[in-house]
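Report on one structure; see the data block that follows.
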């Protein structure tokens, strides 16, 4: 109320500043309530545009979304026709140009629909191709000294958890065993903790913690004994340490 002088915003841009109101919703309100020439682009409208104009991009792809917004805006009628146009477009997508079993026989756009002419109704719109997720095995060396402090070291700036403090992390068990030995911890003194799974965008990390308590050795190799709660740690490690 303060930002708009006690009045409800009557433009898409103003409506978008309201919490929970996205571009398409703001455009619909602006078109229906205030006759603004604003394009809507919900899921139903995307489907109509992709089929009528045979748009071959993938829904969810940011560049293709921009193409659809530009297309939707190029089709806008005069301001006085915005309400029936917007309602008709929404109804067309919701009741006629359905995702499966569309009613092409009843569609007012059937004669100019490129997807229908090309026999591609079932193909369009295309979904964004799922990215293959690579599974990566890692090993944490979780050492605690007699005061309960955890051995931490700063991660390299590049790569996973770049720049954060973390327990020593390895791709090969032999490397972990070698580091443990440097702190006077034998292989047989390491206890295996519960497997930690952590999903990144294109990778699934499967992390096996190997731990030992009461370690007496001084910190070395650029590491330090620390109260883990005082450091910004990778989320899966922080959660693992909180569980004990």
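In the numbering used here, the protein residues as written are 33 to 276. Backbone N, C-alpha and C fix where the C-beta goes; we use that ideal spot for every residue, glycine too. Note that the coordinates shown come from a computational prediction; the quantities given were computed from them, not determined experimentally.
Beta strand (DSSP E) segment containing residue i, residue limits
i: residue 160; result: Element bounds for residue 160: n/a, residue is neither H nor E.
i: residue 228; result: 228-231
i: residue 246; result: 235-247
i: residue 256; result: 255-258
Any chain B beta carbon closer than 8 Å to residue i
i: residue 91; result: Looking at the structure shown, chain B is missing, and only one protein chain is on hand.
Per DSSP, the bridge partner or partners of residue i
i: residue 107; result: None; residue 107 has no bridge partner.
i: residue 197; result: 186
i: residue 101; result: Looking at the DSSP assignment, residue 101 forms no beta bridge with any residue, so it has no partner.
i: residue 202; result: 171
i: residue 176; result: 182
i: residue 224; result: 242
i: residue 91; result: 159
For residue j and residue i, believed in contact at Cβ under 8 Å, the rounded distance
i: residue 234; j: residue 166; result: 6 Å
i: residue 202; j: residue 208; result: 4 Å
i: residue 236; j: residue 222; result: Residue 236 to residue 222, Cβ: 24 Å. No contact.
i: residue 181; j: residue 59; result: About 56 Å separates the two Cβ atoms, so there is no contact after all.
Backbone CA spacing between residue i and residue j [nearest angstrom]
i: residue 57; j: residue 254; result: 53 Å
i: residue 98; j: residue 190; result: 31 Å
i: residue 219; j: residue 206; result: 10 Å
i: residue 155; j: residue 183; result: 55 Å
i: residue 101; j: residue 46; result: 19 Å
i: residue 125; j: residue 239; result: 46 Å
i: residue 215; j: residue 250; result: 8 Å
i: residue 173; j: residue 55; result: 48 Å
Assigned exposure category for residue i - 16 Cβ within 10 Å defines buried
i: residue 252; result: exposed
i: residue 247; result: buried
i: residue 261; result: exposed
i: residue 224; result: exposed
i: residue 162; result: exposed
Segment limits, alpha helix (DSSP H) that includes residue i
i: residue 56; result: 55-66
i: residue 80; result: 75-84
i: residue 48; result: 44-48
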